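Student:
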Amino acid sequence: MRFNIFKRKEKEVNNYEGAKAFQLSNEMELYSAVVTFGLNDNFYEKSNDKLNRIIKLMPKSNPEFVAKLATYTRKEMNLRTIPLVLAVELAKQNSGNNLVAKTVNGIVQRADEITELLAYYQMANARTGTKKLNKLSKQIQKGLIVAFNKFDEYQFAKYNRKSEVKLKDALFLVHPKPKDETQQELFSKIANDKLATPYTWETQLSELGKRRYENEIAQKAALRSTWEELILSNKMGYMASLRNLRNILEAEISVNVMRKLCAYLSNETAVKNSKQLPFRFLSAYRELQNCKSPYTSMVLDSLEDVVIVSAANIQGFDYDTSVVIACDVSGSMQKAISPNSKVLLFDVGLMLGMLMQSRCKNVVSGMFGNRWKIINMSKRNVLSNVMEYYRREGEVGYATNGYLVVEDLIKRNEIVDKIMMFTDVQLWNSNGNSSTIASAWRKYKAIAPKAKLYLFDLAGYGNSPLDLKENDVYLIAGWSEKIFDVLASLENGENALAKINAMEL
């Protein structure tokens, strides 16, 4: 199914800075809001406001598109919360449609997502009293019945937490049908709280904390031994390894175990299967900057290797294709992506920009705020490049004068093939003149008719500073390196929703 979203003239509106902008179509706005959704307040929009906007946009879009968007967001963009939201809201709007069951089964990729989905269902339906989850949607139930048979005892036990909705609650509510006798025994263990304690880094460290030690030296030796055992056992997952790097280094594990860990982190298959968003590697890299372990440099190098591996499938451009990469470092970009995260939209933009830069042969990169400044970097060290940009962001100020990127090309009479802006797309002019990104782009197209402008939307506010149906302007949204797959689709003449429409339910 294809959605022709560019037939009509986009509605002119003002963005959050009061500058002229264009309202996106319903499907395009829903897509950009969903793939940039975090449970936090951003600079211009409160998280509940954005959630409500998403919910109101859903009935205006084809239900099959919404279902495919949920599947795309979970499987391709590797986001976990918002696909569950879409599935529940779709159930409320299409209660008798088998589409919901297929969507639920498709997006539940981890055992804890069963209970997370039910927790949101409870909240979304404003259930109170002792039976908050009674009268479960039949389509939600059908999807979860299938999903329950995806997981083994270890996966269930790993996420069997004392949360609002427990795994046992979900089992009694959903009544899944076991696929065989082994699965029936497993469901009985869930019902009777008899799941075996899983071997995870959390459980091992928890057990370690319960012991008594003769002195601090003995306690430190036990901690070191536990981390080494976890790494050598191959039972510590990729995300756990990434998030505990500082703890592992400070435990002073042996060099051979550290080498094994670094080899695991940079293993191509492990990186691919981990489905980590690019900024997770940046967070780990940043966390180690002041670590005093003699192996810190080894780990930092491994993280650079990891990023190169994760970027390997990004389709870059050869020497015949000239590219300008411009990163927005304005004040509105300096907002955390979630309440407990130190990662800012600013970081996401720099990370994605440097990933793209590493794959281009003929490229100029820089950042814009009050001014546009070219800061070219080596292609070999993506994470250190991001750190260098971060250190220098104050050099250009904190406005959003994206038009200066294009005007600089006009002044230098520089013809390029592609301009890529990583931004929240709330572009305006703080300099008091009449220049805008739209007017600058029209002028540039007169001297570079084959040039294309790509706006990588990192916030999803629902508008664009240019009309997307004119002059080779494209909008791509999201925080994952998978946005570059969308870029490849655009290069093949498709629109930004083609990847979603191609998803199988």
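Each residue of the sequence shown is one higher than the one before, starting from 8 at the first, in the working numbering. Glycine included, each C-beta is placed from N, C-alpha and C at the ideal position. Only a predicted model underlies this, so the values are computations on that prediction, with no experimental measurement involved.
(1) Mind the definition here: the region 421-433 touches the region 455-463 only if three or more C-beta pairs lie below 8 Å; say whether that holds.
(2) Any contact between the region 306-315 and the region 398-405? By contact I mean 3 or more CB pairs, one from each, below 8 Å.
(3) If you run the structure through DSSP and keep just helix, strand and coil, what is Asn-438?
(4) For Asn-499, count neighbouring Cβ atoms within 10 angstroms of its own Cβ and tell me buried if that reaches 16, exposed if not.
(5) Could you check whether Leu-106 and Ala-154 sit closer than 9 Å to each other, using their CB atoms as the reference points?
(6) Just to check my reading of the structure: Leu-251 and Trp-208 have Cβ atoms closer than 8 Å, yes? What is that Cβ distance to the nearest angstrom?
(7) Below 8 Å on the Cβ atoms is my contact criterion, and I expect Leu-359 with Pro-285 to pass it. Report the Cβ-Cβ distance as a whole number of Å.
(8) Any heavy atom of the ligand FMN closer than 8 Å to the Cβ of Leu-310?
(9) In this structure, what does DSSP give as the bridge partners for Tyr-481?
(10) Quick check on this structure: which residue in Val-480, Lys-506, Asn-478 and Asp-479 has the alpha carbon closest to the alpha carbon of Phe-491?
(11) Keeping to the same chain, check which residues put their C-beta closer than 8 Å to that of Leu-351; ignore five residues upstream and five downstream.
(12) Select from Ala-229, Lys-165 and Leu-180 the residue whose C-alpha is nearest the C-alpha of Tyr-537.
(13) If you count every other CB in all the chains shown that lies within 10 Å of the CB of Met-384, and 16 or more means buried, which is it?
(14) Return the chain-ordered list of same chain residues with a C-beta closer than 6 Å to the C-beta of Phe-44, the five sequence neighbours on each side being excluded.
(15) At the level of alpha carbons, what is the spacing between Ala-258 and Leu-237?
(16) What do you get for Thr-189, buried or exposed, if any count of 16 or more other CB atoms within 10 angstroms of its CB means buried?
(17) Per DSSP, what kind of secondary structure is Asp-335 in: helix, strand or coil?
(18) Mind checking which residues open and close the alpha helix (DSSP H) that includes Cys-269?
(19) Taking contact to mean 3 or more Cβ pairs, one atom from each stretch, closer than 8 Å, check whether the region 209-218 and the region 179-197 are in contact.
(20) Where are the beta strand (DSSP E) runs, 3 residues long or more, that stay fully inside the region 305-382, in chain order?
(21) If you draw a straight line from the C-alpha of Leu-143 to the C-alpha of Ile-321, how long is it?
(22) Please classify Glu-414 as buried or exposed, where buried requires at least 16 other C-beta atoms within 10 Å of its C-beta.
(23) Quick test of the definition: if touching needs 3 or more C-beta pairs under 8 Å, does the region 319-333 touch the region 366-377?
(24) Please check the pair Leu-76 and Leu-37, which I expect to be a contact at CB under 8 Å, by giving their CB distance rounded to whole angstroms.
(25) Consult DSSP for Lys-425 and reduce its assignment to one of helix, strand or coil.
(26) With distance defined between alpha-carbon atoms, name the residue in Leu-497, Ala-484, Ala-495 and Leu-473 nearest to Met-84.
(27) So, are the CB atoms of Lys-109 and Leu-504 less than 9 Å apart?
(28) Taking the alpha carbon of Ile-255 as the reference point, which residue from Gln-433, Glu-235 and Ala-466 has its own alpha carbon closest?
(29) Inspect the CB distances between the region 327-341 and the region 280-296 and report whether three or more fall short of 8 Å.
(30) Kindly indicate which three-state DSSP category Asn-199 falls into: helix, strand or coil?
(31) In the DSSP assignment, the alpha helix (DSSP H) including Val-115 goes from what residue to what residue?
(32) So, with DSSP's three-state summary, where would you put Gln-148?
(33) Pull the bridge partners of Phe-286 from the DSSP assignment, please.
(34) On the criterion of 16 or more Cβ atoms from any shown chain inside 10 Å, does Val-313 qualify as buried, or is it exposed?
(35) If I follow the unbroken alpha helix (DSSP H) through Phe-44, where does it start and stop?
(36) What residue range is occupied by the uninterrupted alpha helix (DSSP H) comprising Gln-226?
Tutor: Let me spell this out:
(1) Contact between the region 421-433 and the region 455-463 is present: three or more C-beta pairs spanning the two stretches fall below 8 Å.
(2) No contact exists between the region 306-315 and the region 398-405.
(3) Looking at Asn-438 - three-state DSSP - the assignment turns out to be coil, as it is neither helix nor strand.
(4) Burial is judged here by how many other beta carbons sit within 10 angstroms of a residue's own beta carbon; Asn-499 has fewer than 16 and is exposed.
(5) With a cutoff of 9 Å on beta-carbon distance, Ala-154 and Leu-106 are scored as not near each other.
(6) The displayed chain sequence assigns Asn, not Leu, to residue 251. Sure, about 7 Å apart at Cβ, within 8 Å.
(7) That belief holds up - the Cβ atoms of Leu-359 and Pro-285 are roughly 7 Å apart, short of 8 Å.
(8) The ligand FMN is absent from the structure shown, which contains no ligands of any kind.
(9) Partner(s): Tyr-461.
(10) Relative to the Cα of Phe-491, the nearest Cα in the group Val-480, Lys-506, Asn-478 and Asp-479 belongs to Lys-506.
(11) Only Met-340, Gln-341, Lys-342, Ala-343 and Ile-344 meet the Cβ criterion.
(12) Nothing about residue 537 can be read from this structure; the chain reaches only from 8 to 512.
(13) Its Cβ being crowded by 16 or more others within 10 Å, Met-384 is buried.
(14) Cβ-Cβ distances below 6 Å link Phe-44 to Ile-89 in the same chain, with the five nearest sequence neighbours on each side left out; the list follows chain order.
(15) If you draw a straight line from the Cα of Ala-258 to the Cα of Leu-237, it comes to about 13 Å.
(16) Exposed.
(17) Three-state result, Asp-335: strand.
(18) Cys-269 -> alpha helix (DSSP H) spans 262-272.
(19) Segments in contact, no.
(20) 324-335, 367-375 and 379-381, all fully within the region 305-382.
(21) One Cα belongs to Leu-143, the other to Ile-321, and the distance between them is close to 42 Å.
(22) Under this definition Glu-414 is a buried residue.
(23) Taking 8 Å as the limit for Cβ pairs, the verdict is that the region 366-377 does touch the region 319-333.
(24) Your pair Leu-76 and Leu-37 checks out as a contact, with CB atoms roughly 7 Å apart and the cut at 8 Å.
(25) In the three-state reduction of the DSSP assignment, Lys-425 falls in the strand class, which pools E and B.
(26) Nearest Cα to Met-84 within the set Leu-497, Ala-484, Ala-495 and Leu-473: Ala-484.
(27) The answer is no: Cβ separation not under 9 Å.
(28) Check the Cα spacing between Ile-255 and each of Gln-433, Glu-235 and Ala-466: the tightest is with Glu-235.
(29) No: fewer than three Cβ pairs fall under 8 Å.
(30) Reduced to three states, the DSSP call for Asn-199 is coil.
(31) Segment: none, Val-115 is in no alpha helix (DSSP H) and carries neither H nor E.
(32) Gln-148 falls in the helix class under three-state DSSP.
(33) DSSP output for Phe-286 lists no bridge partner at all.
(34) Its Cβ being crowded by 16 or more others within 10 Å, Val-313 is buried.
(35) No alpha helix (DSSP H) holds Phe-44; DSSP gives it neither H nor E.
(36) First-last of the alpha helix (DSSP H) with Gln-226: 223-239.
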